[in-house]
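Here the structure is laid out as structure tokens; the discussion comes afterwards.
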Amino acid sequence: MKKLFVAGLILFNALNVIGQGKSTVNFTAKIANRNSDTLVIGGKDNFKQVIPIDKNGIFTATFDAPKGFYVFSDGTESSRFYLKPNSVVNLTMNAKEFDETIVYKGKGVDESNFLAQQALRNEKLEEAFSKEPAEFAKILEAKEKADTESLNKGTFDPEFITAMQGNFKNFHEFSLRNYESAYKANQMVGKASPGFDYENFKGGKTKLSDLKGKYVYIDLWATWCAPCRAEIPYLQKIEEKYHGKNIEFVSISIDKLKDNEKWKKFVTDKHLGGVQLFADKDWESEFVVNYGVTGIPRFILIDPQGNVLKSDAARPSDPELDKQLSTLLN
Numbered sequence: 191m192k193k194l195f196v197a198g199l200i201l202f203n204a205l206n207v208i209g210q211g212k213s214t215v216n217f218t219a220k221i222a223n224r225n226s227d228t229l230v231i232g233g234k235d236n237f238k239q240v241i242p243i244d245k246n247g248i249f250t251a252t253f254d255a256p257k258g259f260y261v262f263s264d265g266t267e268s269s270r271f272y273l274k275p276n277s278v279v280n281l282t283m284n285a286k287e288f289d290e291t292i293v294y295k296g297k298g299v300d301e302s303n304f305l306a307q308q309a310l311r312n313e314k315l316e317e318a319f320s321k322e323p324a325e326f327a328k329i330l331e332a333k334e335k336a337d338t339e340s341l342n343k344g345t346f347d348p349e350f351i352t353a354m355q356g357n358f359k360n361f362h363e364f365s366l367r368n369y370e371s372a373y374k375a376n377q378m379v380g381k382a383s384p385g386f387d388y389e390n391f392k393g394g395k396t397k398l399s400d401l402k403g404k405y406v407y408i409d410l411w412a413t414w415c416a417p418c419r420a421e422i423p424y425l426q427k428i429e430e431k432y433h434g435k436n437i438e439f440v441s442i443s444i445d446k447l448k449d450n451e452k453w454k455k456f457v458t459d460k461h462l463g464g465v466q467l468f469a470d471k472d473w474e475s476e477f478v479v480n481y482g483v484t485g486i487p488r489f490i491l492i493d494p495q496g497n498v499l500k501s502d503a504a505r506p507s508d509p510e511l512d513k514q515l516s517t518l519l520n
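Okay, so the sequence shown: first residue is 191 according to my numbering, each after it adds one.
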């Protein structure tokens with residue numbers, strides 16, 4: 191799943207439960223290269239269905255759930271789907287190609303298949319974030335038209351159609367905001383990076399200028415952010431591989447001030463390396479605002495002169511990062 195639209199994928203109507211009455215759902219999932227032996231389905235009003243894998247490698251359960259939108263998670267990735275009365279849902283996918291391989295078969299699954307394809311269309315829009323504003327606006331308008339046509343062609347639940355129409359409008363606004371943020375960040379490449387002066391886990395404060403003369407790879411994260419936590423093992427491997435090279439790995443937590451002790455405990459318990467910093471005003475911290483950050487994790491790469499190399503750098507789990515660092519440091 192692409193970085194930018196994780197929030198947008200789940201944000202709009204994702205957990206809305208449309209119907210009032212409950213109905214039985216028969217659910218199975220066969221997931222190749224799974225990330226977990228437990229599948230979790232979440233919904234509105236704290237709905238949670240935990241499905242352990244059986245001896246045949248299948249997730250299977252029968253449960254009651256109101257009609258509406260839900261999210262399933264296999265541990266590190268999530269996706270929306272839709273449940274209707276007396277649905278029989280058979281999900282297959284490959285977790286290494288998460289969104290690209292989701293297929294639903296059974297009864298009452300047309301809406302879920304639409305959502306799976308919609309997620310891919312949403313992600314594809316990220317490719318247009320390198321375009322100039324006028325061209326991006328045309329691409330976004332064309333996408334919205336295609337989405338509407340696709341919705342109208344299907345034989346979907348009327349309440350699903352109404353919800354998705356609202357979803358399209360919200361996603362349009364969400365995309366514009368994120369494009370503006372990304373465009374602003376792209377304009378920073380090659381220019382001096384905004385600075386910071388934040389609390390260091392080891393004591394005192396650390397400024398970006400203190401690290402001048404080295405490449406700096408910055409991870410903006412928070413203890414509550416599951417995708418952030420999922421990147422930690424990959425970041426630790428990258429740190430180990432490039433230990434002793436001319437690079438500093440800096441993790442900046444944007445947890446709220448009240449969670450400062452929670453952050454310190456997390457750093458200690460997880461044996462986090464690199465330079466561990468705590469931002470002063472969480473999302474409103476000047477460094478975060480200057481980069482137009484609207485979602486985390488967010489990674490930034492700065493050169494030894496303090497100029498921005500990548501305002502939205504590759505994640506540690508992305509092999510592209512290793513290639514970039516190898517080119518710069520070897």
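Glycine included, every Cβ here is placed at the ideal spot set by N, Cα and C.
Of the other Cβ atoms in all chains shown, fewer than 16 fall within 10 Å of the Cβ of Lys343; this residue is therefore exposed. DSSP assignment within the segment 275 to 355 yields the following whole alpha helix (DSSP H) runs of 4 residues or more, N-terminal first: 300 to 314, 323 to 343. The DSSP-derived three-state label of Lys452 is helix. The beta carbons of Thr282 and Asn225 sit no closer together than 8 Å. Following the DSSP letters along the chain, one finds Tyr388 inside the beta strand (DSSP E) bounded by residues 387 to 390. The segment 459 to 475 and the segment 379 to 394 touch, with three or more beta-carbon pairs separated by less than 8 Å. By the C-beta criterion, the segment 339 to 359 is judged to be in contact with the segment 300 to 320, since at least 3 inter-stretch pairs fall below 8 Å.
In the same chain as Tyr369, and ignoring 5 residues on each side of it, the C-beta atoms closer than 7 Å to its own belong to Phe319, Phe326, in chain order.
In the DSSP secondary-structure assignment, Trp414 is not bridged to any residue. Looking at the DSSP output, Asn216 bridges to Thr252, Val278. Contact check for Gly258 against Gly233 passes: the beta carbons are separated by less than 8 Å.
The alpha carbon of Thr484 has as its nearest neighbour, out of Ala375, Lys333, Lys335, the alpha carbon of Ala375.
Rounded to whole angstroms, the gap between the alpha carbons of Thr458 and Tyr373 is 37 Å. By the beta-carbon neighbour count (other beta carbons within 10 angstroms, threshold 16), Val215 is buried. Here Ile329 is near Lys321, since their CB atoms are less than 8 Å apart. If you ignore the 5 residues before and after Tyr432, its C-beta comes within less than 7 Å of the C-beta of Leu515, Leu519, all in its own chain and listed in chain order. In terms of Cβ geometry, Leu491 and Tyr407 form a close pair [threshold 8 Å].
For Asn480, the three-state secondary structure derived from DSSP is helix. In the assembly as shown, Arg488 is a buried residue. Its beta-carbon has 16 or more other beta-carbons within 10 Å. By the Cβ-count criterion, Leu310 is exposed, with fewer than 16 other Cβ atoms from all chains shown falling within 10 Å of its own Cβ. In the three-state scheme derived from DSSP, where H, G and I count as helix and E and B as strand, Ala382 is classed as strand. Per DSSP, Pro506 lies in no alpha helix (DSSP H) and is assigned neither H nor E. A Cβ-Cβ distance of about 7 Å is found for the pair Thr228 and Ile241, placing them in contact under the 8 Å criterion. A Cβ-Cβ separation of about 7 Å places Thr413 in contact with Ser443 under the 8 Å criterion. Beyond the five residues adjoining it in sequence on each side, Ala251 comes within less than 6 Å, by CB distance, of Phe217, Ile241 in the same chain, given in chain order. Taking a C-beta distance under 8 Å as the contact criterion, Ser383 and Gly482 do not qualify as a contact pair.
Arg367 counts as exposed, since fewer than 16 other beta carbons sit within 10 angstroms of its beta carbon. Cys418 and Ile486 do touch by the CB rule: their CB atoms are close to 6 Å apart, below 8 Å. Counting of Cβ neighbours within 10 angstroms places Ser399 among the exposed residues, the total staying below 16. Assigned with DSSP and collapsed to three states, Ile422 falls in helix.
A straight-line Cα-Cα distance of about 23 Å links Leu447 and Ala420.
Minimum Cα-Cα distance from Leu511 among the listed residues Asn480, Phe439, Glu474 corresponds to Phe439.
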